[in-house]
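Visitor: Okay, handing you the structure first.
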């Protein structure tokens, strides 16, 4: 486990950001630090290029271009940074859109600061971080969108899907399959097309609900 966790925050609520700046170092014993923040979604890509954070927390309810745009922009600008979307409401559709844009997980803004550290560590380790209620929604969607019987995954596709479902990062998958990170991304994109889903999280939910493993 790494010693320091660099966090960037994209949120237009200044008091919430300040609270994270003060509380995260306290609850993490100094390991988690907010190194950059912006209240403008249009500047999300810029701050992550400069700060090189491990995790980026993005509020989904921001003025245009909006939180979903910020998630996608951060993913394009800093592929190695893990993005966790945040929201103050319970609408699962908003969280699902963020996951489709490339977020690695979702955190309710109602979460207590002391409970945020473990999801941050899990995200860095390559896990998808989701509240139980949102996971139930994704599983239900997976049942309704399960592949047709004609979809027959090859053994290498099933192994890749198993690694994705286990929360393995791109680097971990590359090491286990003895291929490059670029090859893993290409194989993952191909697998998502076969499964007719748009993200690793949806693929993992589908794998469990449809019995693909």
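In the UniProt record's numbering, the protein residues as written are 1 to 213. Glycine residues also receive a C-beta, built at the ideal position from the N, C-alpha and C atoms. Predicted model only: the values in this text are computed from it and were never measured.
1) According to the neighbour-count rule (16 or more other Cβ atoms, all chains shown, within 10 Å of its Cβ), is residue 179 buried or exposed?
2) Pull up the distance between the alpha-carbon of residue 51 and that of residue 8, whole angstroms please.
3) Consult DSSP for residue 31 and reduce its assignment to one of helix, strand or coil.
4) For residue 162, report the span of its alpha helix (DSSP H) as first-last.
5) Whose C-beta lies closer than 8 angstroms to the C-beta of residue 106 among residues of the same chain, with five residues either side of it excluded?
6) Would you identify the three-state DSSP class for residue 108, choosing helix, strand or coil?
7) From the DSSP output, which residues share a beta bridge with residue 83?
8) Assuming residue 39 contacts residue 71 under a Cβ cut-off of 8 angstroms, what Cβ separation, rounded to an integer in Å, is found between them?
9) For residue 116, name the three-state secondary structure that DSSP assigns.
10) Please report the straight-line C-alpha distance between residue 62 and residue 53, rounded to a whole angstrom.
11) Go to residue 71, then tell me how far its alpha helix (DSSP H) extends in each direction, as first and last residue.
12) Report yes if the CB atom of residue 59 is closer than 8 angstroms to the CB atom of residue 11, and no otherwise.
13) Helix, strand or coil: how does DSSP classify residue 37 here?
14) What do you get for residue 26, buried or exposed, if any count of 16 or more other CB atoms within 10 angstroms of its CB means buried?
Guide: For this structure:
1) Residue 179 sits at position 179 when you count from the first residue of the chain shown. Here residue 179 is exposed, its C-beta having fewer than 16 other C-beta atoms within 10 Å.
2) As a working note, residue 51 is residue 51 in the chain shown. As a working note, residue 8 is residue 8 in the chain shown. So the alpha carbons of these two residues sit roughly 8 angstroms apart.
3) Here residue 31 corresponds to residue number 31 of the chain shown, with the count starting at 1. The three-state secondary structure of residue 31, taken from DSSP, is coil.
4) Numbered from its first residue, the chain shown carries residue 162 at position 162. First-last of the alpha helix (DSSP H) with residue 162: 155-165.
5) The residue labelled residue 106 in the question sits at position 106 within the chain shown. Scanning its chain for C-beta atoms nearer than 8 angstroms, with the 5 sequence neighbours on each side dropped, one finds around residue 106 the residues 84, 85, 86, 87, 95, 98, 99, 129, 130, 131, 134, in chain order.
6) By 1-based counting over the chain shown, the position of residue 108 is 108. Strand at residue 108.
7) Here residue 83 refers to the residue found at position 83 of the chain shown. 56.
8) Along the chain shown, one-based indexing puts residue 39 at 39. Along the chain shown, one-based indexing puts residue 71 at 71. Actually they are not in contact, since the Cβ atoms of residue 39 and residue 71 sit about 16 angstroms apart, beyond 8 angstroms.
9) By 1-based counting over the chain shown, the position of residue 116 is 116. The three-state reading of DSSP puts residue 116 in coil, since its state is none of H, G, I, E or B.
10) For the purposes of this step, residue 62 is taken as residue 62 along the chain shown, with counting starting at 1. For the purposes of this step, residue 53 is taken as residue 53 along the chain shown, with counting starting at 1. The straight-line gap from Cα to Cα measures roughly 21 angstroms.
11) One-based indexing of the chain shown puts residue 71 at position 71. In the DSSP assignment, residue 71 falls within the unbroken alpha helix (DSSP H) covering 67-77.
12) Your numbering for residue 59 matches position 59 in the chain shown. Your numbering for residue 11 matches position 11 in the chain shown. Less than 8 angstroms divides the Cβ of residue 59 from the Cβ of residue 11.
13) Position 37 of the chain shown holds residue 37. Strand.
14) To locate residue 26, count along the chain shown from 1; it is residue 26. When all chains shown are included, residue 26 counts as exposed.
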